[in-house]
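Only one structure is covered here, and it is reproduced in the block below.
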Amino acid sequence: MSTRNLTAGSPHADSQPSSDDNDVRNPFNQDYEVQSFDDDSSNSYGNDQLSKPFLDSRDSSSTNALLGGAMTPLEYDRYPQPVSNNSRVISLASSRASLNNGYKAAKRGSYSGSSSTSDKSGNPFQIDTDFSPFGGYPASSFPLHIDEKEADDYLHNPDPIVDAQYEKNRFVSDLKSMDKRSLGGLFGLLFLLLGGVAVFVILPVLTYSGATTHSKWLDTYTILTEYSYPQLSAIRTEMVDPDTPDSAYTREAKDGSLWSLVFSDEFNAEGRTFYEGDDQFFYAPDFNYAATKDLEWYDPDAVTTANGTLVLRMDAFKNHDLYYRSGMLHSWNRLCFTQGVLEISAKLPNYGNVTGLWPGLWSMGNLGRPGYMATTDGVWPYSYDSCDAGITANQSSPDGISYLGGQRLNSCTCKGEDHPNRGTGRGAPEIDIIEGEVDTTIKNGVASQSMQIAPFDIWYMPDYEFVEVYNASITSMNTYAGGPYQQAVSGITTLNTTWYEMGATGTPRRYQKYAYEYLNDNEDGYCRWFVGDNPTFTVYANALAPNGNIGWRRIAKEPMSIVINMGVSNNWAYIDWPSIKFPVEFTVDYVRIYQPNDSISLTCDPTDYPTYDYIQDHLKAYDIWNYTTWEDAGYDIPKNSLTGC
23 MSTRNLTAGS
33 PHADSQPSSD
43 DNDVRNPFNQ
53 DYEVQSFDDD
63 SSNSYGNDQL
73 SKPFLDSRDS
83 SSTNALLGGA
93 MTPLEYDRYP
103 QPVSNNSRVI
113 SLASSRASLN
123 NGYKAAKRGS
133 YSGSSSTSDK
143 SGNPFQIDTD
153 FSPFGGYPAS
163 SFPLHIDEKE
173 ADDYLHNPDP
183 IVDAQYEKNR
193 FVSDLKSMDK
203 RSLGGLFGLL
213 FLLLGGVAVF
223 VILPVLTYSG
233 ATTHSKWLDT
243 YTILTEYSYP
253 QLSAIRTEMV
263 DPDTPDSAYT
273 REAKDGSLWS
283 LVFSDEFNAE
293 GRTFYEGDDQ
303 FFYAPDFNYA
313 ATKDLEWYDP
323 DAVTTANGTL
333 VLRMDAFKNH
343 DLYYRSGMLH
353 SWNRLCFTQG
363 VLEISAKLPN
373 YGNVTGLWPG
383 LWSMGNLGRP
393 GYMATTDGVW
403 PYSYDSCDAG
413 ITANQSSPDG
423 ISYLGGQRLN
433 SCTCKGEDHP
443 NRGTGRGAPE
453 IDIIEGEVDT
463 TIKNGVASQS
473 MQIAPFDIWY
483 MPDYEFVEVY
493 NASITSMNTY
503 AGGPYQQAVS
513 GITTLNTTWY
523 EMGATGTPRR
533 YQKYAYEYLN
543 DNEDGYCRWF
553 VGDNPTFTVY
563 ANALAPNGNI
573 GWRRIAKEPM
583 SIVINMGVSN
593 NWAYIDWPSI
603 KFPVEFTVDY
613 VRIYQPNDSI
623 SLTCDPTDYP
633 TYDYIQDHLK
643 AYDIWNYTTW
653 EDAGYDIPKN
663 SLTGC
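Residue numbers (my numbering): 23 to 667.
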């Protein structure tokens, strides 16, 4: 490897000597141990010189001959030049061997050439050895040729031309050589920058311009109450409402005995709702009552409580392809009773002299779900326990007295057929406390109080010898006694127009209570109706005795559920549309049930007239109101022994 003059340009360095006068030294291969020489040695060196063991090229012709011009250094340059083919370079091995031989000769004191004293003008740093191109170490300690490369050479040996090009295109070069970590950092920085622009520039501009301001919802609604209902405190633990006054805890029956209050609801809690599952005892259905061809849709939204009352509201409001919306509330399969008194205090809707609306307070056997026609098919309004023509379709009469398909759950159902308790005639009889209407002759509101029964008497006429009317001046038997789908034993009682929602200005509006009381004993049973505290008429069990080809119709023995509703239908009465001031409200102050102390029954599933299992086994009919017949729901009519098992 060629040598370099590391002191070129130094003020202490002599001018370049000739090749014959070079100082040959190896400061990295020195032996600092002091050598002892004989006094008679022909060596012209003194002791001081012997203590500095380096070879003087001027006195060592053999060394010069060895190295010749092979170690002549290149011109000092920051960037080592590559070795050319005609360079006078000897191998590192031969150079090292020659130098070692020279050093050994010096130690022995045998030098070729004439003796000489030290040359003080000589440059002790001028060496003729194989230095690394990077300086500091000889090639013997840094065994690399000039043309050998390492990965980090560019760090120790920068190229100004390449560096200049890099500086001109630093950004592009950095992007091209960027690793994943750096790329992630770049994207993070950009995200922060864009986020800052969005938060501190774009958002303030949009806010100032009003682009982020949402338009107000223009829908209006009524706040019924500011009271917040705790979930647990809304659950009643007693059947009697604690708001019921003590004076209402008993009621005198027909025979003079005191019957006990077993259930009450005063509706004093504000803002109650009656969607499915909202209430323990009542719920509001969401459907159209097609059985009577009603013109309204019953919606749970139309039923709530306000000012200590239950409110059913009817609006001229288009929904479900109908033009009116109203509310119905009932206790089907939740609260039922058998025998006793059902008393309801209410204020009827609209005016007392305007016909058209159909407010109702009534009850029906739990085997029929109100408005679900598949469930009432073959059971409404039967209250019959015989096995004769009364259970057959049309009562086996060709005169058209009945269009009913026959009693589905009769007392002579064949063994193995579908029946809740075979051997007992079952049905869904109906008893109405009041159905409000207006007598168009006298232009005054009246209460229709009745029971619906099947099978039917001839001409739909019960034995009126066992019907008692208490005040003929205000109560009379209804001229409508029934039709091909029901027989109605009904009385009509004139009402005070102050018991309606609207009336003459300045006239106070009042609530009135309506009730019926009944016992279902076969011999002594009866049903008696009331307006206020006054009885209006009574139907005794004997009024429904056998007639023609049918047997006894009994006072209802089924567990009865409660129904409160307000409808409108051309099937009920003439509708005086211009005189109905929509929206109208049918309000109820309370509902109370009294029963004999020895006959308390508030279940919908009594042991002698069970309903629960039967309903659970036929949920398709009881859950889907669109089915109109039992067979539509996918069930068969049970066979009976009268028509053949």
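Virtual Cβ for every residue (Gly too), placed ideally from N, Cα, C. Computed from a predicted model, the values in this text were never measured in an experiment.
Of the candidates T259, A328, A275, A328 places its Cα closest to the Cα of G293. Between the alpha carbons of Y492 and I514 lies a distance of about 12 Å. When secondary structure is reduced to three states using DSSP, Y502 falls in the coil class, being assigned neither helix nor strand. In the DSSP assignment, P557 forms a beta bridge with F552. Residue pairing from DSSP places K369 in a beta bridge opposite T609.
Per DSSP, the continuous alpha helix (DSSP H) segment holding E189 begins and ends at 182–190.
Taken through DSSP and simplified to helix, strand or coil, V262 comes out as coil. Taking 3 residues as the shortest admissible run, the stretch 510–589 contains the following complete beta strand (DSSP E) segments, listed from N- to C-terminal end: 522–524, 534–541, 548–553, 556–562. Contact annotation: Y636 and P392 have beta-carbon atoms that are not nearer than 8 Å.
Going by DSSP, S348 is part of the beta strand (DSSP E) stretching over 346–348.
Beta-bridge pairing by DSSP links A655 to no other residue. Residue burial annotation: M386 is buried, with at least 16 other C-beta atoms found within 10 angstroms of its C-beta. Under DSSP, I464 forms no beta bridge with any residue.
Relative to P600, the option among L208, L379, G349, H342 whose CA is nearest is L379. For T529, the CB contacts under 7 Å within the same chain, skipping 5 residues up- and downstream, are T520 in chain order. Note on R576: 16 or more other CB atoms within 10 angstroms of its CB, so buried under the neighbour-count rule.
The Cβ atoms of N341 and D321 lie closer than 8 Å to each other.
Beyond the five residues adjoining it in sequence on each side, F304 comes within less than 6 Å, by CB distance, of F296, L351, S353 in the same chain, given in chain order. The Cβ atoms of T633 and L389 lie closer than 8 Å to each other. Taking a C-beta distance under 8 Å as the contact criterion, Y346 and A643 do not qualify as a contact pair. In this structure, G330 places its C-beta atom within 8 Å of the C-beta atom of N290. Cβ-Cβ distances below 6 Å link S408 to G573 in the same chain, with the five nearest sequence neighbours on each side left out; the list follows chain order.
Restricted to the stretch 352–425, the alpha helix (DSSP H) segments that are unbroken, complete and at least 4 residues in length are 395–398, listed in chain order. Of P618, A595, N179, the smallest CA-CA separation from A275 is found for P618. Straight-line measurement puts the Cα of F193 at about 13 Å from the Cα of D185.
No Cβ-Cβ contact shorter than 8 Å links L334 with E523.
Separation of the CB atoms of L517 and A469 is rounded to 6 Å, and the pair is thereby assigned contact status at 8 Å. Between the C-alpha atoms of A563 and S405 there is a straight-line separation of about 12 Å. The residue among E653, T497, N375 with its C-alpha nearest the C-alpha of A526 is N375. Residues of the same chain with a CB within less than 6 Å of the CB of Y612, apart from the 5 flanking positions on each side, are E288, S367 in chain order. Counting the other Cβ atoms within 10 Å of the Cβ of M200 gives fewer than 16, which makes it exposed. For the set Y631, K202, T360, T398, the Cα lying nearest the Cα of I622 is the one of T360. For G210, the number of other beta carbons within 10 angstroms of its own is below 16, and it is reported as exposed. Assignment of T234 by DSSP, reduced to helix, strand and coil, places it in the coil class. Three or more Cβ pairs closer than 8 Å define a contact, and the stretch 427–435 meets that threshold against the stretch 409–416. Nearest Cα to A396 within the set Y649, E189, V590, W319: Y649.
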